[in-house]
Amino acid sequence: MNRLRTVAALLCTAMLVGCAPSTEVIMESEQSAVQLRSYQQRAFDTADKTQTLRSVISTLQDLSFVVDKADLELGTVSATKLSGYQVRMTVTARPRGTNQMLVRANAQYMDKAVEDPKPYQDFFTALEKSMFLTAHQVD
Amino acid sequence: MTTSSLRRVGIGGRLIGWTAVAALVGCASIPKDALVPTPDSLERRQLQSRRLDGISETNLLAASAGVLQDLGFNIDESETSLGVIVASKDRSAWNAAQITAAVALALFGAYYPVDKTQKIRVSLVTRPALAADGTPRPDSQILRITIQRLVWNLENQLTRIDSIEEPAVYQEFFDRLSKSIFLELQAI
Chain V
0 MNRLRTVAAL LCTAMLVGCA PSTEVIMESE QSAVQLRSYQ QRAFDTADKT
50 QTLRSVISTL QDLSFVVDKA DLELGTVSAT KLSGYQVRMT VTARPRGTNQ
100 MLVRANAQYM DKAVEDPKPY QDFFTALEKS MFLTAHQVD
Chain X
0 MTTSSLRRVG IGGRLIGWTA VAALVGCASI PKDALVPTPD SLERRQLQSR
50 RLDGISETNL LAASAGVLQD LGFNIDESET SLGVIVASKD RSAWNAAQIT
100 AAVALALFGA YYPVDKTQKI RVSLVTRPAL AADGTPRPDS QILRITIQRL
150 VWNLENQLTR IDSIEEPAVY QEFFDRLSKS IFLELQAI
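Quick note, the sequences are listed as chains V and X, same order. By numbering that gives the first Met the number 0, the letter at position 96 of the first sequence is numbered 95, and the numbering carries on one by one without gaps. By numbering that gives the first Met the number 0, the letter at position 108 of the second sequence is numbered 107, and the numbering carries on one by one without gaps.
Spelled out as C-alpha cells, the structure:
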C-alpha cells in the first residue's frame, strides 16, 4: 500500500522534473553542443546556397511540412508538420570552406526538443536524394 | 486486508495508471516515421504540384499571391529568391453535423464543445523546372502548395491539427491559378 503510494509520488515527481515548464529550460540543453552537432549537421559538396535551400524546402514539403519562414541571406528555413501531432524544424545552410555547404537541422516534437539521432538521419537521407549529393558526417 | 485498505490500494493503483498515462502524453517522443518519406509521398507530390510554362518565376509568384488573395488568405511571409510564399486565414469551423450532435447530447444533459474557429495555413513554393540535361528550362516553373489546418473548439482547445490531402482542394487551387496567370500575363 505504502509502496504503491511511493511509486505514484515518484512518478509524479519524475513528470514534474521531466516536463515542467520553467525558465530553466530557456538555456537548457540536454546534450553538449558537440554531441548535438554530430547528428544535427552534415556537409554537402556544393557551394550553391540557393539550390541547397531549395532542396531543403522541397524535402520538407515531401515530408508534409508547411513552410513558416525562409531567408536566403541568413540561410534558414523553418517549417511545421501537423499530422495529429506537431513537429517544427529549422534548417540552416551556410558555406563551409569554398566548395561545401554545411546543413544543420533541429526539430521539436510537441513541446520537446528532438534529441534522438534517428529522425535527423531520416531527414538527411531524404535530403541527399533531393540534392543528388552525399551527406558527409562532420567532425 | 480490510475492505478500506483494499479500496485504498485501488485508488493508489489508479493514480499510478493515470500518472503513467500523463507521463506518456507529456513526454512522448517523436513518431518513428515522422521524417521518413511515406509510400504515398510521390502521389501527394503529384497532387500538390504543377508545371507551368511560359511564365517567369517572379511573375508566377505574383500570380500565385493574387490567387491566395482571391481566396481570402493573408500573406505572412515571402522570400522571392527561394520561391516561397506563406499565407494563412482564420475562418469559422462551425459545421452542421457537430452542432446537431451537440444539441442531441444536450438533451441528455451532456455537454459537447463544438468546433469554433480554424486557421488554414498554406506554403506555396516555386522552383525552375529542369530539362533532361539538368539545366533550367526557359520560362518553365514547378509550383507546389501544401495546406494544413488547426481547429479550436468553443473552449479554445485545439481539437484538430492535420494536413489537407483532398484532391479537390488542390484541383480548385490550380484551376484558379491558371486563370490568374492568364490575367497576370495580360497585365489586367
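For every residue, glycine included, the Cβ atom is placed at its ideal position computed from N, Cα and C. On a predicted model such as this, the values are computed, not experimentally measured, just so you know.
| Check | Outcome |
| --- | --- |
| Are the C-beta atoms of residue 90 (chain V) and some chain X residue less than 9 Å apart? | no |
| Listed in chain order, which residues of the stretch 155-170 of chain X have Cβ atoms closer than 7 Å to some Cβ of chain A? | Within the model displayed, chain A is absent; protein chains V and X are what it includes. |
| Find the residues of chain V that neighbour residue 35 (chain X), judging by a C-beta separation of less than 7 Å, and give them in chain order. | 121 |
| Given a cut-off of 9 Å on the beta-carbon distance, is the pair residue 65 (chain V) and residue 76 (chain V) in contact? | no |
| With a Cβ-Cβ cutoff of 9 Å, do residue 55 (chain X) and residue 138 (chain X) count as a contact? | yes |
| Whole alpha helix (DSSP H) runs in the stretch 85-114 of chain X with 4 or more residues, listed along the chain? | 95-106 |
| Interface residues of chain X around residue 85 (chain V) at Cβ under 8 Å? | 160 |
| Checking 9 Å against the spacing of the C-beta atoms, do residue 85 (chain V) and residue 108 (chain V) come in under that value? | yes |
| Could you confirm whether any beta carbon from chain X is found closer than 9 Å to the beta carbon of residue 56 (chain V)? | yes |
| Measure the CB-CB distance between residue 57 (chain V) and residue 124 (chain X) and report whether it falls below 9 Å. | yes |
| Which residues in chain V sit within 8 Å of residue 54 (chain X), going by Cβ to Cβ distance? | What residue 54 (chain X) touches in chain V: nothing, since even the nearest Cβ is about 18 Å away. |
| In this structure, how does DSSP classify residue 62 (chain X) when only helix, strand and coil are distinguished? | helix |
| Check the Cβ of residue 113 (chain V) against every Cβ in chain X and list those closer than 7 Å, keeping chain order. | 29 |
| Within its chain, find whatever has a CB closer than 6 Å to the CB of residue 20 (chain X); leave out the 5 residues flanking it on each side and keep chain order. | For residue 20 (chain X), the pLDDT reaches just 48, beneath the cut-off of 50, and the residue's location in the model is therefore unreliable, leaving the point undetermined. |
| Mind checking which residues open and close the alpha helix (DSSP H) that includes residue 118 (chain V)? | 116-130 |
| Could one say the Cβ of residue 173 (chain V) lies closer than 9 Å to chain X's Cβ atoms, at least one of them? | The structure shown does not extend to residue 173 (chain V), since chain V is modelled only from 0 through 138, so no value can be given for it. |
| Can you tell me which residues form a DSSP beta bridge with residue 164 (chain X)? | For residue 164 (chain X), which the question treats as bridged, DSSP gives no partner whatsoever. |
| Anyone know if the C-beta pair for residue 49 (chain X) and residue 60 (chain V) falls short of 9 Å? | no |
| Got a sec? Which residues, its chain only, sit under 6 Å from residue 119 (chain X) by beta carbon, not counting five neighbours each side? | 88 and 148 |
| Would you report the Cα separation of residue 23 (chain X) and residue 80 (chain V), rounded to the nearest angstrom? | Note that residue 23 (chain X) scores 47 on pLDDT, short of 50, meaning its location in the model is unreliable; the coordinates nonetheless yield the value given after this. So the two alpha carbons sit approximately 21 Å from each other. |
| Going by beta carbon distance, what residues of the same chain come within less than 6 Å of residue 122 (chain X), once the five residues before and after it are set aside? | 85 and 145 |
| Less than 9 Å between CB atoms is the rule here; does residue 44 (chain V) satisfy it with respect to chain X? | no |
| Count the CB pairs spanning the stretch 160-177 of chain X and the stretch 82-96 of chain V that are closer than 8 Å, and state whether there are at least three. | yes |
| Among X:64, X:42 and X:34, whose alpha-carbon lies nearest the alpha-carbon of residue 172 (chain X)? | X:64 |
| Suppose contacts are defined by Cβ-Cβ distances below 9 Å. Is residue 40 (chain V) in contact with residue 106 (chain V) by that definition? | no |
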